[in-house]
Amino acid sequence: GPKVLQIPSHQIIDMGQMVTLNCDPVSNHLYFYWYKQILGQQMEFLVNFYNGKVMEKSKLFKDQFSVERPDGSYFTLKIQPTALEDSAVYFCASSLPGGISYEQYFGPGTRLTVL
Amino acid sequence: GEQVEQRPPHLSVREGDSAFITCTYTDPNSYYFFWYKQEPGASLQLLMKVFSSTEINEGQGFTVLLNKKDKRLSLNLTAAHPGDSAAYFCAVSAYSNYQLIWGSGTKLIIKP
């Protein structure tokens, strides 16, 4: 079936540095999402993105976070600067446009460790 | 906002037995309901999506029940087999947005 890829699978970074998480969505999908899962806790919605714009974001999507998909390439989540509480697994997802009824396809996650 | 509670966090059943996982939600405007399966090291895989108007949905080896009155969504795996060992997550969304609100997950182990 359709696959979403995430690069890298693991990232270790010092607090205060910048990190970019990359997502390669399903090729004909137009909606993109980021979710955050702290170890042992539930997955939480961060942001969704369509037509070059953030459509919805949660309170977890701090000012230090940004997303973009330049020229149809990777959909990226950038954190600058990173903080200890940003340590988590970040899942990217993509879907067809048309509403929440369309299935979101998930990547395998990027485990981010901030030291 | 919407809150989703999932129980149990861990579940161990013998091969061939049933496994029952439940989520309760708070927002009466919730309209779409999802069950995802995540095997170790793998992506989340959609098992089933349920719309507000449907109460019972049957998949391959499992049944999803939606009780709107009690705001309860459940997943019943019938005749569990080792391939069912995974983490299971429910997710809920309102009609008008694209956000999934997640349960905390159930780690299911099938014992031989």
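Those protein sequences? They're chains A and B, same order as listed. If you count the first sequence from 1, you need to add 21 to reach our numbering. If you count the second sequence from 1, you need to add 708 to reach our numbering. Here a beta-carbon is modelled for each residue, glycine too, at the ideal position from N, C-alpha and C.
Cβ of residue i within 8 Å of any chain A Cβ
i	result
B:PHE797	yes
B:GLY813	yes
B:GLN768	no
B:LYS757	yes
B:GLN711	no
B:LEU785	no
B:ILE809	yes
Residue i to residue j span [Cα, whole Å]
i	j	result
A:GLY130	A:VAL110	6 Å
A:GLY128	B:GLN746	11 Å
A:PHE53	A:ALA114	6 Å
B:LYS777	A:LEU133	40 Å
B:PHE770	B:ARG715	17 Å
B:ALA787	A:VAL88	43 Å
B:ASP792	A:SER108	29 Å
A:TRP55	A:LEU67	5 Å
B:TYR654	A:ASP35	Coverage of chain B is limited to positions 709 through 820, which leaves residue 654 of chain B absent and any answer about it impossible.
B:LEU816	A:VAL40	34 Å
A:LEU26	B:PRO820	33 Å
B:LEU781	B:LEU774	5 Å
B:ALA795	A:GLN62	13 Å
B:PRO717	B:LEU783	14 Å
A:HIS31	A:SER116	24 Å
A:PHE70	A:THR97	11 Å
A:LYS78	B:ASN765	31 Å
B:PHE728	B:PRO736	23 Å
A:PHE82	B:THR730	29 Å
A:GLU106	A:ASN72	30 Å
CB contact below 8 Å: residue i versus chain B
i	result
A:VAL40	no
A:GLN63	yes
A:PHE127	yes
A:GLU124	yes
A:VAL88	no
A:VAL110	no
A:VAL25	yes
Exposure label - residue i; buried when at least 16 CB within 10 Å
i	result
B:ALA799	buried
B:GLY813	buried
A:LYS64	Residue identity differs from the one stated: residue 64 of chain A is Met in this sequence, not Lys. By the 10 Å Cβ count, A:MET64 comes out buried.
B:THR755	Note that residue 755 of chain B is Leu in the sequence shown, not Thr. With 16 or more other Cβ atoms within 10 Å, it is buried.
A:PHE112	buried
A:GLN85	exposed
A:SER48	exposed
A:PRO46	buried
B:LEU808	buried
Listed in chain order, which residues of the stretch 741-753 of chain B have Cβ atoms closer than 9 Å to some Cβ of chain D?
In summary, chain D is missing from the structure at hand, where the protein chains are A and B.
If we count Cβ pairs, one from each stretch, closer than 8 Å, do we get three or more for the stretch 715-725 of chain B versus the stretch 91-108 of chain A?
no
Contact list for the stretch 718-741 of chain B against chain A, Cβ threshold 7 Å
Listed in sequence order: TYR740.
According to a CB-to-CB cut-off of less than 9 Å, which residues of the stretch 65-81 of chain A neighbour chain B?
GLU65, PHE66, ASN69, TYR71, MET76, GLU77 and SER79
Select from the stretch 33-59 of chain A all residues with a C-beta closer than 9 Å to any C-beta belonging to chain B, and list them in chain order.
TYR52, TYR54, TYR56 and GLN58
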